[in-house]
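Data first, discussion second: the structure below is written as C-alpha cells.
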Amino acid sequence: MRIINIDLRLLEYPLETPFYPSWLPGYPQTAHRVLLLTLETDEGIKGYAAGVAFLREGAGLKDLLLPFLFGRDPMNVEEVVQIARSATFLG
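Sequential numbering from 1029 applies to the sequence shown in my numbering.
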C-alpha cells in the first residue's frame, strides 16, 4: 500500500458572536476554520486528519507535502510524520 494523493479542504462556518483569542490580540475571529487533510492510498483507503486553521495555512500545503509523501507506506506512521515535519521545515 502506497500514498498516491493528498487533498486539503478548508472547512469554515460562521460564529454567532466574534471570538477574541488571547493568542491573536486584535484579530477577532468571526468564523471557525478547520483544515481537513485526506490522504489516499493506491488501494483506495483514505485517512483523515484535521487541524485548526486561522488564515491560509493550507494554501500550497498539498504541493509541498505530496512530493515528499508520494509512494510512501502510510502504515509507517513514524516515517510519514518525520517526512511531513521535514517538508514543512524545508519548504
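For each residue, glycine too, the CB sits at the ideal point set by N, CA and C. Please read these numbers as outputs of a predicted model, since none were measured by experiment.
Review point. What are the boundary residues of the alpha helix (DSSP H) that includes F1047?
Key: Position 19 of the sequence shown, counting from 1, holds the residue named residue 1047. Looking at the DSSP string, F1047 is not in any alpha helix (DSSP H); the run it does join, the beta strand (DSSP E), is 1031–1047.
Exercise for review: Using DSSP bridges, identify the partner residues of Q1057.
Suggested key: Taking the sequence shown and counting its residues from 1, the one referred to as residue 1057 is at position 29. Answer is F1047, bridged to Q1057.
Review point. What is the DSSP secondary structure of L1067, counted as helix, strand or coil?
Key: In the sequence shown, counting from the first residue as 1, residue 1067 sits at position 39. Three-state result, L1067: strand.
Check your understanding: Looking at the structure shown, is A1112 part of a helix, part of a strand, or coil, going by DSSP?
Key -> For the purposes of this step, residue 1112 is taken as the residue at position 84 of the sequence shown. The answer is helix: DSSP assigns A1112 an H, G or I state.
Practice item. Check whether the Cβ atoms of L1038 and V1062 lie closer than 9 Å to each other. Key: For the purposes of this step, residue 1038 is identified with residue 10 of the sequence shown, where counting begins at 1. For the purposes of this step, residue 1062 is identified with residue 34 of the sequence shown, where counting begins at 1. Yes, they are a contact pair.
**Study point:** Environment of V1109 [buried if 16+ CB atoms lie within 10 Å]
**Key:** For the purposes of this step, residue 1109 is taken as residue 81 along the sequence shown, with counting starting at 1. The residue is exposed, with fewer than 16 neighbouring Cβ atoms inside 10 Å.
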